[in-house]
Amino acid sequence: MIGFESAQNRDFVGARVIDPTLDLDAIRTIAVRKGVVAALLDGPPPAPDAHVERIDCAGMVLCPGFIDPHVHLREPGDTHKETLRTALAAAAAGGFTAIAAMPNTRPALDDPGRIRQLTADAARRGSVRCYVIGAVTIGRNGAEIAPLRSMAAAGAVAFSDDGFATASLKALYNAARLIADLPQPFLSHCEDPSFAGSLMNEGIVSGKLGVPGQPSIAEASIAARDLLVAQATGKAWHLCHVSAAQTADVLRWARASGIHATGEVTPHHLQCSDELLAAFDARMRVNPPLRGADDVAAMRRAVADGTITIFASDHAPHADVEKEPPFSHACAGFSGMETAVGATFDALATLPCDRIIANFSFNVAKLLGVAGGSLAPGMPADITGLYFNRPWVVDPKSFRSLGRVTPFEGRTFAVRPAMTVVGGAVAWKADDAARRLGIAAPGSRHS
Ligand code: DOR
Ligand code: ZN
Numbered sequence: 001m002i003g004f005e006s007a008q009n010r011d012f013v014g015a016r017v018i019d020p021t022l023d024l025d026a027i028r029t030i031a032v033r034k035g036v037v038a039a040l041l042d043g044p045p046p047a048p049d050a051h052v053e054r055i056d057c058a059g060m061v062l063c064p065g066f067i068d069p070h071v072h073l074r075e076p077g078d079t080h081k082e083t084l085r086t087a088l089a090a091a092a093a094g095g096f097t098a099i100a101a102m103p104n105t106r107p108a109l110d111d112p113g114r115i116r117q118l119t120a121d122a123a124r125r126g127s128v129r130c131y132v133i134g135a136v137t138i139g140r141n142g143a144e145i146a147p148l149r150s151m152a153a154a155g156a157v158a159f160s161d162d163g164f165a166t167a168s169l170k171a172l173y174n175a176a177r178l179i180a181d182l183p184q185p186f187l188s189h190c191e192d193p194s195f196a197g198s199l200m201n202e203g204i205v206s207g208k209l210g211v212p213g214q215p216s217i218a219e220a221s222i223a224a225r226d227l228l229v230a231q232a233t234g235k236a237w238h239l240c241h242v243s244a245a246q247t248a249d250v251l252r253w254a255r256a257s258g259i260h261a262t263g264e265v266t267p268h269h270l271q272c273s274d275e276l277l278a279a280f281d282a283r284m285r286v287n288p289p290l291r292g293a294d295d296v297a298a299m300r301r302a303v304a305d306g307t308i309t310i311f312a313s314d315h316a317p318h319a320d321v322e323k324e325p326p327f328s329h330a331c332a333g334f335s336g337m338e339t340a341v342g343a344t345f346d347a348l349a350t351l352p353c354d355r356i357i358a359n360f361s362f363n364v365a366k367l368l369g370v371a372g373g374s375l376a377p378g379m380p381a382d383i384t385g386l387y388f389n390r391p392w393v394v395d396p397k398s399f400r401s402l403g404r405v406t407p408f409e410g411r412t413f414a415v416r417p418a419m420t421v422v423g424g425a426v427a428w429k430a431d432d433a434a435r436r437l438g439i440a441a442p443g444s445r446h447s
C-alpha cells in the first residue's frame, strides 16, 4: 500500500456507484481523505471546499478498483515485448488499479530478492499497484521447489509456475505441504506437459487443417490432479485461464466437494473460438488454445452459475515479429489488459453487472489476500470508473502496451474504462487521454 496513498483530499461527484460488497447501486459522492474512502454521500454534492478537489464523474459508473490477477510482465528479460512502464500504463488505461505479475520473466521470479526487486521497481515506475506471484519451482523447472517461505515473507501473494504446469506431482504436493500453513494460494496453469507446445485446440478446425491438436483432457486432467493436491493438503487453489467445458466440470466437482478452489476465465476464452485459427492466423496462437464454440458457451455458463468467479486478462504481449508466420514459430499469447473490460462485459451482457464487477474486484482481492475490492469507508480509495453504453472500436495503435496483437482488433464494445483511481489519485482518465491525443472524447461515438 505504501507510496500510493495521495495526500490530496478529493470528492468524486455525480457518478452511479456500484459496489457489490455494499449491495449498492445508486448516485453517490465518494469522499476520499488521505487516500482512503471516508464516506459515500447520498444527496447533493457537498459545498465547495478549498481543501478538497472536486472530480466530476457525471456519466460514469464507479466501482471498487479492478485487479487483474494474471499479467505477464516482460521485465526483467524481454523489454522488447513490454517494459514495466508500458505494462503499468496499459493496466491503468484498462481500468485496473492493481495487477498481479506472473513469475515467467527471465530470470524467473523464484527467489525473495527478485520478488522484492520487482515490487520496488513497479512501485517506483507505475501509478497502479503491482503484486508479485512467486514461482513454485526454481526456474519454473517443475522439479526443484523454490524458497517459498522466504518469497512469501518478501511479499509474494501467490505461487505458480504459469506458462507451464508444475511437471512433478511430487514437487507440487511437497510444495503445498511445506507452506500449507500460509495463506498464499497456488495458481495452476493446467496443461499436461506431454501436450505443451501444441499449436491449437483439438477439434473440427485442427482436423480440417491436419494439425495435431491439444484436447481438453490435457487441461482437465491437470486441473483434477492439482485440485486433488489441494484436497490432500488443505491448500487454497486457483485454476488459471480455464478454457474447456470439461475443466469447468472438474472445478464444479471440487467446489461441491468442499475443496478450497476457485477459477478464472479470460476475455478471449469467453469470446473467441478456434474458428479464428481456420486460416492459420499466427497472431491467434495462445495457451491454453482458443477452443471450440461449445467450450466458449460453457465458459459463459460457468461464470453465470458461479463456478468461475474471477476474470483475468492473461496479458501476454509479444513483439509484432514474434506473432508473424510461420504459425509453428509464433509466440503464444497477446495483449489483454486494455480490452479486458470491454470484451468481458460484451461476452456476458445478460449477466447482472454487479456480478461482473465482483469478479473483477472483490473476488480477486479475496483470492490474493490483498486490500481493496470494496468502497466501504476505511478501504483504500482504489476506484475503477467505467462508461456504460459508449461504443468504442478496438484499435491496437492506441494501446499503451507495446504488444499490439489482440483477437479483438476492430471489434466494437459498449463498456469502456473511464477512469482509474489508486489511493485516491487519478492514475488515468479517458477524457484526459483523448484530449492529449487530439481525438474525440469517449462517448461521442467517434472515439
Ligand atoms: O499464451 C500464453 N502466453 N500462455 C501462457 O501461459 C504464457 C504466456 C506468455 O507468457 O507469453
Ligand atoms: Zn498460463
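The letter at position 420 of the sequence shown is residue 420 when you use our numbering, and the numbering goes up by one with no holes. Where is the CB? At the ideal position from N, CA and C, for every residue including glycine.
For G197, which option in M379, A7, V229, G163 has the closest C-alpha, if you only look at C-alpha atoms? G163
Looking at H241 and the ligand ZN, is the gap between the Cβ and the nearest heavy atom below 7 Å? yes
Does the separation of the CB atoms of T266 and D305 fall below 8 Å? Cβ atoms of T266 and D305: not closer than 8 Å.
Residue burial classification, P450 (beta-carbon count within 10 angstroms, cutoff 16): Outside the shown range of the chain, which is 1 to 447, sits residue 450, and nothing can be said about it.
contact_flag[the region 58–65, the region 7–15] where n(CB pairs < 8 Å) is 3 or more: yes
Quick check: what's the CA-CA separation for D431 versus D192? 45 Å
Beta carbon of I138, beta carbon of A100: below 8 Å? no
Is any non-hydrogen atom of the ligand MN found closer than 7 Å to the C-beta of H268, if you look at the structure I gave you? No copy of the ligand MN appears in this structure; the ligands present are the ligand DOR and the ligand ZN.
For D78, the three-state DSSP class (helix, strand or coil): If DSSP states are grouped into helix, strand and coil, D78 belongs with coil.
Can you find a C-beta in chain C that's less than 8 Å from the C-beta of L375? The structure shown contains no chain C; it holds only a single protein chain.
So, T247 versus A176, is the Cβ gap smaller than 8 Å? no
Just to check my reading of the structure: G373 and T21 have Cβ atoms closer than 8 Å, yes? What is that Cβ distance to the nearest angstrom? For a cut-off of 8 Å, the C-beta gap from G373 to T21 is around 7 Å, short enough to register as a contact.
Host beta strand (DSSP E) of N363 (start-end): No beta strand (DSSP E) holds N363; the alpha helix (DSSP H) holding it covers 362–368.
Report the option in G263, H318, D25 whose CA atom is closest to the CA atom of A302. G263
DSSP three-state label for W428, please. Residue state for W428 is assigned as strand, using DSSP reduced to three classes.
Rounded C-alpha distance that separates F467 from V370: With the chain running from 1 to 447 in the structure shown, residue 467 is simply not present.
For the alpha helix (DSSP H) containing M151, list its first residue and its last residue. 148–153
Secondary structure of H446, DSSP reduced to three states: Only weak support exists for where H446 lies, its pLDDT of 35 falling under 50; the coordinates are left without a value.
Quick one: residues in its chain with C-beta nearer than 6 Å to the C-beta of L182, no 5 flanking neighbours on either side, listed in chain order? A152
Helix, strand or coil at V211 according to DSSP, with G and I counted as helix: DSSP places V211 in the coil class of the three-state scheme, outside both helix and strand.
If you follow the alpha helix (DSSP H) that M419 is part of, which residue opens it and which one closes it? Where M419 is concerned, there is no enclosing alpha helix (DSSP H), although the beta strand (DSSP E) it sits in stretches over 416–422.
N-terminal and C-terminal residue of the beta strand (DSSP E) that D56 is part of: D56 -> beta strand (DSSP E) spans 52–56.
Per DSSP, what kind of secondary structure is N174 in: helix, strand or coil? helix
Is H80 near the ligand DOR, judged by its Cβ being under 7 Å from some heavy atom? no
DSSP-derived helix/strand/coil call for A31: strand
According to DSSP, P188 sits in a beta bridge with which residue or residues? First, the amino acid is wrong: residue 188 is Ser here, not Pro. Answer is L239, bridged to S188.
Backbone secondary structure at G113 - three-state DSSP: The answer is helix: DSSP assigns G113 an H, G or I state.
Identify whether I259 lies in helix, strand or coil by the three-state DSSP scheme. coil
Could you check how far apart the C-beta atoms of V17 and R33 are, in whole angstroms? I think they sit under 8 Å. In fact, because the Cβ distance is near 17 Å, the residues do not count as touching under 8 Å.
Where T344 sits in the DSSP three-state scheme: helix
Where does F399 fall in DSSP's three states? coil
Assuming V341 contacts V426 under a Cβ cut-off of 8 Å, what Cβ separation, rounded to an integer in Å, is found between them? Actually they are not in contact, since the Cβ atoms of V341 and V426 sit about 17 Å apart, beyond 8 Å.
Cβ distance (whole Å) where F413 is taken to contact N359 below 8 Å: Contact between F413 and N359 does not hold, since their C-beta atoms are separated by about 17 Å, which reaches or exceeds 8 Å.
Check whether the Cβ of R72 sits closer than 7 Å to any heavy atom of the ligand DOR, and report yes or no. Reading off the sequence shown, one finds His at residue 72, where the question assumed Arg. H72: yes, Cβ under 7 Å from the ligand DOR.
Which runs of the beta strand (DSSP E) spanning at least 3 residues fall entirely within the region 278–337, listed in chain order? none
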